[in-house]
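Chains A, B, C and D, in that order, give the protein sequences. Position 259 of the first sequence, counting from 1, maps to 269 under the numbering used here, and the rest follow consecutively. Position 17 of the second sequence, counting from 1, maps to 27 under the numbering used here, and the rest follow consecutively. Position 145 of the third sequence, counting from 1, maps to 155 under the numbering used here, and the rest follow consecutively. Position 16 of the fourth sequence, counting from 1, maps to 26 under the numbering used here, and the rest follow consecutively. Backbone N, C-alpha and C fix where the C-beta goes; we use that ideal spot for every residue, glycine too. Every value quoted in this text rests on a predicted model; they were computed, and no experiment measured them.
Protein chains: 4
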Amino acid sequence: MIIIMQTDAKPDEVQSVEEEIRRIGFRPFINPGVERKVIAVLGGLDAKKADLVEHFYSFPGVERVDLISHLWKLASREYHPADTVIDISGVKIGGNRIAVAAGPCSIESEAQIVEIAHSVKASGAHMLRGGAFKPRTSPYAFQGLGEEGLKFLVKAREETGLPVVTEVMDTGDVDLISKYADVLQIGARNMQNYSLLKRVGATTHPILLKRGPGCKLRDLLMSAEYIIAEGNCNVILCERGITTFEDSTRNTTDINAVPVLKHWTHLPVVMDPSHATGDWRYVESVSKASIASGADGLLLEVHNDPKRALSDGPQSLRPEKFDALMKQLARVAQAVDRVM
Amino acid sequence: MIIIMQTDAKPDEVQSVEEEIRRIGFRPFINPGVERKVIAVLGGLDAKKADLVEHFYSFPGVERVDLISHLWKLASREYHPADTVIDISGVKIGGNRIAVAAGPCSIESEAQIVEIAHSVKASGAHMLRGGAFKPRTSPYAFQGLGEEGLKFLVKAREETGLPVVTEVMDTGDVDLISKYADVLQIGARNMQNYSLLKRVGATTHPILLKRGPGCKLRDLLMSAEYIIAEGNCNVILCERGITTFEDSTRNTTDINAVPVLKHWTHLPVVMDPSHATGDWRYVESVSKASIASGADGLLLEVHNDPKRALSDGPQSLRPEKFDALMKQLARVAQAVDRVM
Amino acid sequence: MIIIMQTDAKPDEVQSVEEEIRRIGFRPFINPGVERKVIAVLGGLDAKKADLVEHFYSFPGVERVDLISHLWKLASREYHPADTVIDISGVKIGGNRIAVAAGPCSIESEAQIVEIAHSVKASGAHMLRGGAFKPRTSPYAFQGLGEEGLKFLVKAREETGLPVVTEVMDTGDVDLISKYADVLQIGARNMQNYSLLKRVGATTHPILLKRGPGCKLRDLLMSAEYIIAEGNCNVILCERGITTFEDSTRNTTDINAVPVLKHWTHLPVVMDPSHATGDWRYVESVSKASIASGADGLLLEVHNDPKRALSDGPQSLRPEKFDALMKQLARVAQAVDRVM
Amino acid sequence: MIIIMQTDAKPDEVQSVEEEIRRIGFRPFINPGVERKVIAVLGGLDAKKADLVEHFYSFPGVERVDLISHLWKLASREYHPADTVIDISGVKIGGNRIAVAAGPCSIESEAQIVEIAHSVKASGAHMLRGGAFKPRTSPYAFQGLGEEGLKFLVKAREETGLPVVTEVMDTGDVDLISKYADVLQIGARNMQNYSLLKRVGATTHPILLKRGPGCKLRDLLMSAEYIIAEGNCNVILCERGITTFEDSTRNTTDINAVPVLKHWTHLPVVMDPSHATGDWRYVESVSKASIASGADGLLLEVHNDPKRALSDGPQSLRPEKFDALMKQLARVAQAVDRVM
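Shown next as structure tokens:
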């Protein structure tokens, strides 16, 4: 059960609802939202809670009381039936328009990121992606340019106007990266790094939350709930392939995830066909499938020289392939009543 | 390496190629094809074989010599670069037109199958599917109507003109079912029932080969190879979901399978969103994705009374949902330059 | 619910129980057991059945009425609380003694199988395993010697006294193979080949049922139920590794399967570490683990010349390794109060 | 290739090796070890490196040059052929003695942890485990007592002498937890939290590194490599179950992991049967299997009142079950020439 207070509820009204929750044997959990307080009523049996909906409606300052059957509450479509549309420095995601974030896996130099930014912008991309802090399986692999890379990314934004998405790996880096990035990305390996989720939940930046390749969809939503419970509702969910026995592709794209997530949550859902296949030859097919399935956007790796890329070359599209793909995607979007 | 003999090659020409293969240390494998003999050269190193291509070209009766790098030979795109188009009593699959086979999981009565056949035909389906011999996980579950069901299926074909697809589970039933069916389906649980594969390989019926939910794509192609090696090239591959840790859907649709199979083989590839999701609410999304990804067709479960279906009710579409879906699919097909 | 009739129940007593089942809205399923009739009561709610236990006890000819909560009935430990001990031509499996079946993957010649039989017997093996009809992923791989191989196997039995285990792949081969083999093996790829399960269920041979690598334990028990429902209770379950994302071994040994199966069923459980790891270097470790976990026996591949084996060489132990392993296994068996 | 410098190598000697590496076209990676510098030679072909072993031996300050074929270098058995034995405040792990860490999932009160500590000590446990900072899937679940819990844990250590193992989730908490704990645990969800791995790699505490349930063994070793590359060689690897399609247990115990890891690395390997099964009824069987397979230790959840445990109750053993289990494990240990 969730009790949503009025935006102008007074502190003592909130407090008296909390006390009542404790008095009748449950635990209150306050979501420190910016606009309004939301109080989750935790513990005990769901059946017992059903009887309490009317009871709490009568408390001063209460706007709404909702029973939520899923483990995730604030992320659930029961709690918020309409699609959430997130504004990323002017780019909307979750609405009618499909949003595409394109760019290299790693920022390698100012020239590289600026050139790619101009190129993907010309092809119709809405955002620029690129990693400065890179989680690499090997400690001996290229670990990213760090803050210098962020400066190159900002330079590319200045030249093209594209909002930028970049990954944050450490609670200690959140403030630094927040100064440069429009969207903070939580990488797949950190999907259940709850310290980091709480920390980015305390920012007001949109968060791109990538699904861990061994994690269930319900766990993805619980991770989103961690962020929202801290007061940041701007969470974009990203399916990027799961680990299975099939070894012809790097990961298995879980296309079912799109309708399942759309059924369970109001948050926008994007797909990352580059990681989900690991092979640029399959990116076109899976990108089209993603849009047809109802995804709200795509993350696509584009590199001007994939063979020399410092990471993920085999799954990166060349700019001319990306350009051709964008034209095809616009047709698929139209066929499912969306625009690009 | 594969040596394709001319259609009019004489037995002693075939024999002398075989003898030469043995003489130089390899094993010949004769594919008893109807039209022409194909001899696979097995064993030894691939590198060594490369030198022998010209050698065998000079033998009388030889039409072509091909090096094939994959374990599957006759199924590979290297062997047959163009898409294979299969004719199912007038319905083409593998070409520009998307083919849809719709119908109930199980044939339950003449009235049921005839009614559904009329309904799916009116909505634009190209084939009728329905099981008379049902592989059920429980020995106590409805096992299908058997031959009586086949008669009802034929009745539905007579009334609508739709070719019919039905499953064969046992080598002993192949002759019987071949008399009634247009397409023989090998179910997912029998994908590696090699006795059955060889047996249907000896028919001239098109074969719908469903991927086992725990089987790799390379194993699916090896199973297709079993059928083709017996002389039946009319194999349609079907992805119907794989087993993974994700439990929000009955199976995980492996959408990557479409571009991977299209890259590896010339055979048509269809998708079964009903089994791949196990939930009718997700069938629309995954059907659109399938067509957008490049699949050549769909298998869809349609039932006029899903709640009372004797099997797979929860994943069956009602006729009116199917009708609406077909209209949407036509738009997606058009967006990827296909027709329905 | 299951109604077990007395061994001397008359046909009309059985019939009147069946009619009563139908009258009150359920479906009777008759298990055509050799010794006694068992009638499964199918359909409807479990809760409603609980009230009927006493009702059916009063019918003439009824010996026992059991509520069974699992989908599998005759295979469940609720139905048969004690461990089932199966007698294989004098070798007991499922009791205190650990049974080991050893031998090559494929029977390659009389000399080979006889030599290995003598060798594994000297090391303490209780049964000889070897394939004559081989399910191979590739149609071009060695498919086994067929009936000639069975004759070699029988020759090895005559010389050593070891009962022999061999695979049956086709309903049409059951009679032939039954003449030679002591145990009929259903291979992993055929675990859900229900026609074959029913056919071997109609024999009186012990059946070694291998788990499909993509199949859940509950599906394994349902496949056992198919065999038992035909009247053959002599089913030995075999875990041989499942498909997962982990690729350092051919399969992932599901060691949890041992205690789970022991909890759910009365049937003997054996492990096949050779297939479950795919690498002879790991067979020793997993064999010890299997016995410590409570498995009733092992299947082990032993070959006198693994590098030249026609199949599965990399996972086969040399005879001297097998001999050393058997001595170690005897110590582990003793540590868990078993003998070898 | 790895170049190990002498402990008294001078900075300019290290520098000249680095320069030479660059000059001939490779990238040097300096492991900032406490005792000695280790320089990994990265990039280029392995074949080319083989020729350089002798070349680098002649450089002043170089102690040893090793070719390492795996992606992990310092963690590999090629680099360090003997088993690594780690000393945890007097308890050895990785040697002949099996080490058992037992205790509750979460520290709930001083009384609880002290009582359990006395109990598991009496049964023969070597270490006490208990979580104060808990990574929970739900933000609304009990998140642990934090520093207060650590104080209770230390109290339990004072009373029993058992070294304590507890989890660290955040780079910001490493200093705090290091003050209290004998072993720092990296939880499964943080196995690829590279910031955290680097941070604990800079401590001198033994690290218990749990495998992520969706992560390959090679990725586990790469995560260990991150820690060792920072100079901390005291890494204990822990298998705790992986995600698969099998749903009868919470996770699937990957018992193959024990021999595979023992083959690949010199680091100690322990098993966590409580998480790997998720069900106390299966813990006994899998614990015995783990020791028989060659694991160096066990993590076991023990709770004095599992039904009221604030986390993981269903998989916790009662103290009397744990006591009985320890006696049985000692017998299995002896059967594989180990002691407890």
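What does DSSP give as the partner residues of D:Met281 in its beta bridges? Beta-bridge partners assigned by DSSP to D:Met281: D:Glu249 and D:Leu308.
Using a Cβ cut-off of 9 Å (strictly closer), state whether B:Gly224 contacts chain A. Residue contact with chain A for B:Gly224: present (Cβ-Cβ distance below 9 Å to some residue of chain A).
C:Phe417 versus C:Glu73 - alpha carbon distance: Chain C is shown only over 11 to 350; residue 417 of chain C falls outside these bounds and no answer can be derived.
Could you pull the start and end residues of the beta strand (DSSP E) that D:Gly241 belongs to? That residue, D:Gly241, is in no beta strand (DSSP E); it is neither H nor E in DSSP.
Do B:Ile12 and B:Ala28 have their beta-carbon atoms positioned less than 9 Å apart in this structure? In the sequence as displayed, the identity of residue 28 of chain B is Glu instead of Ala. With contacts defined as CB atoms closer than 9 Å, B:Glu28 and B:Ile12 fail to qualify as a contacting pair.
Report the residue ranges of all beta strand (DSSP E) runs contained in full by the stretch 107 to 144 of chain D; include only those spanning at least 3 residues, in chain order. List check, beta strand (DSSP E) in window: 109 to 113 and 137 to 139.
Roughly how many angstroms separate the alpha carbons of C:Phe39 and B:Ser284, rounded to a whole number? When the Cα atoms are used, C:Phe39 and B:Ser284 turn out to be separated by approximately 29 Å.
Between C:Phe143 and C:Leu155, what straight-line distance do the alpha-carbon atoms span, to the nearest angstrom? In this structure, the CA atom of C:Phe143 is about 7 Å from the CA atom of C:Leu155.
List, in chain order, every chain D residue whose beta-carbon is nearer than 8 Å to that of A:Gln202. The contacting residues are Pro145, Thr147, Arg199 and Asn200.
By Cβ distance, which residues of its chain are closer than 8 Å to C:Ile108, with the 5 residues on each side in sequence left out? Cβ within range, chain order: Ile301, Ala305, Asp306, Gly307, Leu308, Leu339, Ala343, Arg348, Val349 and Met350.
Our contact map puts A:Lys226 next to B:Asp257 with C-beta atoms below 8 Å; I'd like the distance itself, whole angstroms only. Yes, A:Lys226 and B:Asp257 are in contact; Cβ-Cβ is about 7 Å, under 8 Å.
Tell me the residue span of the beta strand (DSSP E) that contains C:Ala50. That run of the beta strand (DSSP E) goes Val48 to Leu52.
Taking the beta carbon of A:Ser68 as the centre, do at least 16 other beta carbons fall within 10 Å, making it buried, or is it exposed? So A:Ser68 ends up on the exposed side.
Rounded to whole angstroms, what's the CA-CA distance from B:Arg341 to B:Ala135? Just pull it up for me. In this structure, the alpha-carbon of B:Arg341 lies about 15 Å from that of B:Ala135.
Determine whether the beta carbon atoms of A:Leu231 and A:Gly222 lie at a separation below 9 Å. With a cutoff of 9 Å on beta-carbon distance, A:Leu231 and A:Gly222 are scored as not near each other.
Extent of the continuous alpha helix (DSSP H) to which C:Arg74 belongs: No alpha helix (DSSP H) holds C:Arg74; the beta strand (DSSP E) holding it covers Val72 to Asp76.
Checking 9 Å against the spacing of the C-beta atoms, do A:Leu77 and A:Glu64 come in under that value? For A:Leu77 and A:Glu64, no; Cβs fall outside 9 Å.
So the candidates are D:Ala286, D:His273 and D:Arg33; which of them puts its Cα closest to the Cα of D:Thr254? For the residues D:Ala286, D:His273 and D:Arg33, the minimum Cα distance to D:Thr254 belongs to D:Ala286.
Give the DSSP-derived three-state secondary structure of C:Ile196 in the structure shown. Annotated three-state conformation of C:Ile196 is strand, per DSSP.
Residues of chain G with a CB under 8 Å from the CB of D:Pro269: which are they? This model lacks chain G altogether; the protein chains it does include are A, B, C and D.
Selection of the stretch 71 to 85 of chain A by Cβ proximity to chain D, strictly under 9 Å: Answer in chain order: Leu81, Trp82 and Lys83.
Boundaries (first-last residue) of the beta strand (DSSP E) holding C:Met15: Start and end: Ile12 to Met15.
Would C:Pro269 and C:Ile103 qualify as a contact pair, given that the criterion is a beta-carbon distance under 9 Å? Judged by beta-carbon spacing, C:Ile103 lies beyond the 9 Å limit of C:Pro269, meaning their Cβ atoms are not closer than that value.
Please tell me whether B:Ile108 has its Cβ less than 9 Å away from any Cβ of chain A. No Cβ of chain A is located within less than 9 Å of the beta carbon of B:Ile108.
Chain-ordered neighbours of B:Asp257 on chain D, where CB pairs are closer than 9 Å: Phe255 and Asp257, listed in chain order.
Is the CB of C:Asp264 under 9 Å away from at least one CB in chain D? In terms of beta-carbon proximity, C:Asp264 lines the interface with chain D, with at least one pair separated by less than 9 Å.
Is the CB-CB distance between B:Val178 and B:Val130 below 9 Å? No, these two residues do not count as a Cβ contact at 9 Å.
Under 7 Å by beta carbon: chain D residues contacting C:Leu139: Per the sequence presented here, residue 139 of chain C reads as Arg, with Leu not at that position. Within 7 Å Cβ-Cβ: nothing; C:Arg139 doesn't reach chain D, min ~21 Å.
What residues from chain C crowd round D:Ala142, counting only those whose CB sits closer than 8 Å? Those within 8 Å of D:Ala142 in chain C number zero; the least Cβ separation is about 29 Å.
Under 9 Å between C-beta atoms, does D:Pro304 make it to chain C? The question names Pro, but residue 304 of chain D in the sequence shown is Gly. Taking a beta-carbon distance threshold of 9 Å, D:Gly304 counts as an interface residue toward chain C.
Quick one: list the residues of chain C neighbouring B:Ala239, beta-carbon separation under 7 Å, in chain order. Under a criterion of Cβ atoms nearer than 7 Å, the residues of chain C adjacent to B:Ala239 are, in order, Pro149.
Would you mind stating whether C:Leu138 and C:Thr170 have Cβ atoms separated by less than 9 Å? Taking 9 Å as the cut-off, the beta carbon of C:Leu138 is found closer than this to the beta carbon of C:Thr170.
Below 7 Å CB to CB, which residues in the same chain sit around B:Val245 once its five sequence neighbours on both sides are set aside? Apart from the 5 residues on each side of it in sequence, B:Val245 sits with its Cβ closer than 7 Å to the Cβ of Ile217, Leu219, Ala234, Ile237, Ile238 and Leu277 in its chain, given in chain order.
Contact residues within the stretch 159 to 180 of chain D, judged by C-beta distance below 9 Å to chain A: Answer set for the stretch 159 to 180 of chain D: Met179 and Asp180.
Residues bridged to C:Ser86 (per DSSP): C:Ser86 pairs with C:Thr275.
Kindly indicate if chain C contains any beta-carbon less than 9 Å away from that of B:Tyr236. At least one CB atom of chain C sits nearer than 9 Å to the CB of B:Tyr236.
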